[in-house]
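S.K.: To start, I am sharing the structure in question, which I have written as structure tokens.
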Amino acid sequence: MRSFYPLVAAALLLAAPLASAVQCGPQGKVNITAQREAMGAPDGRISTGTQLADEVVGSYALSNGHRLDLIHLDERLIAEFDKRRRVQLEEVGPHLFASRSGDVEMAWMPGQRTDTILLSYPADNQGRLRHSCS
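What follows is the structure in structure tokens.
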């Protein structure tokens, strides 16, 4: 009977990472729109790279009641959630920026103005950005 104790202990140790992975699944991710409080580029066209980052900088009111500030700092685009948590975003495709871990995504629709964005991020039960599992 004692020979089974090490096997049970090993099984529990192997199951621990699986239990935490379940908690880090896609549940709790919000998809919302955000409207910028002040207008950016006068012509409203969509650009890419540094020019796009310059055009979208500003404060956004999220549709779930929270705030997002986009800051262009040292050639980097930073998303600051509720003046508390900063996430660096990188251009990953046309009209799409994402965090390195991919859990925060921000997009602009082609042909639309840059004062409205689509945002997806992991949220707690109050809609605030929560720490990612990675």
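If you read the sequence shown in the numbering used here, its first letter stands for residue 89, the second for the next number, and so on.
Backbone N, C-alpha and C fix where the C-beta goes; we use that ideal spot for every residue, glycine too.
If you run the structure through DSSP and keep just helix, strand and coil, what is E168?
M.R.: By one-based count along the sequence shown, residue 168 stands at place 80. For E168, the secondary structure class from DSSP, reduced to helix, strand or coil, is strand.
S.K.: Assign E163 to buried or exposed, taking buried as 16 or more other Cβ atoms, counted over all protein chains shown, within 10 Å of its Cβ.
M.R.: Here residue 163 corresponds to residue number 75 of the sequence shown, with the count starting at 1. The residue is exposed, with fewer than 16 neighbouring Cβ atoms inside 10 Å.
S.K.: By a C-beta neighbour count over all protein chains shown, 10 Å radius and 16 as the cutoff for buried, is R174 buried or exposed?
M.R.: Stepping through the sequence shown from its first residue, residue 174 is reached at position 86. Exposed is the label assigned to R174, since fewer than 16 other Cβ atoms lie within 10 Å of its Cβ.
S.K.: Which whole-angstrom value describes the C-beta separation of V144 and S208, a residue pair presumed to lie in contact below a C-beta threshold of 8 Å?
M.R.: Here residue 144 refers to the residue found at position 56 when the sequence shown is read from its first residue. Here residue 208 refers to the residue found at position 120 when the sequence shown is read from its first residue. In fact, because the Cβ distance is near 16 Å, the residues do not count as touching under 8 Å.
S.K.: Kindly indicate which three-state DSSP category D191 falls into: helix, strand or coil?
M.R.: By one-based count along the sequence shown, residue 191 stands at place 103. DSSP places D191 in coil when its eight states are reduced to three.
S.K.: How would you call H219, buried or exposed, if buried means at least 16 neighbouring beta carbons within 10 angstroms?
M.R.: Walking along the sequence shown from the start, residue 219 turns up at place 131. Under the 10 Å beta carbon count, H219 is surrounded by fewer than 16 other beta carbons and is classified as exposed.
S.K.: Under a Cβ-count criterion, where at least 16 other Cβ atoms within 10 Å of its own Cβ denotes burial, should D191 be classed as buried or exposed?
M.R.: As a working note, residue 191 is residue 103 in the sequence shown. Buried: at least 16 other Cβ atoms inside 10 Å.
S.K.: Would you grab the beta carbon distance between L165 and A122 for me? Rounded to a whole angstrom, and I think it's under 8 Å.
M.R.: Walking along the sequence shown from the start, residue 165 turns up at place 77. Walking along the sequence shown from the start, residue 122 turns up at place 34. A122 and L165 do not touch by the CB rule: their CB atoms are close to 14 Å apart, not below 8 Å.
S.K.: Put D142 into one of helix, strand or coil per three-state DSSP.
M.R.: For the purposes of this step, residue 142 is taken as residue 54 along the sequence shown, with counting starting at 1. If DSSP states are grouped into helix, strand and coil, D142 belongs with the helices.
S.K.: Can you tell me the Cα-Cα spacing of Q111 and G215, whole angstroms?
M.R.: Looking up residue 111 in the sequence shown gives position 23. Looking up residue 215 in the sequence shown gives position 127. Per-residue confidence for Q111 stands at a pLDDT of 41, beneath the threshold of 50, marking its modelled position as unreliable; no derived number is given.
S.K.: For R120, which residues from the same chain have a beta carbon less than 7 Å from its beta carbon, with the 5 sequence-adjacent residues on both sides left out?
M.R.: Against the sequence shown, residue 120 aligns to sequence position 32. The identity of residue 120 in the sequence shown is Ile, whereas the question assumes Arg. Excluding positions up to five away in sequence, the list reads L150, S151, N152, L207.
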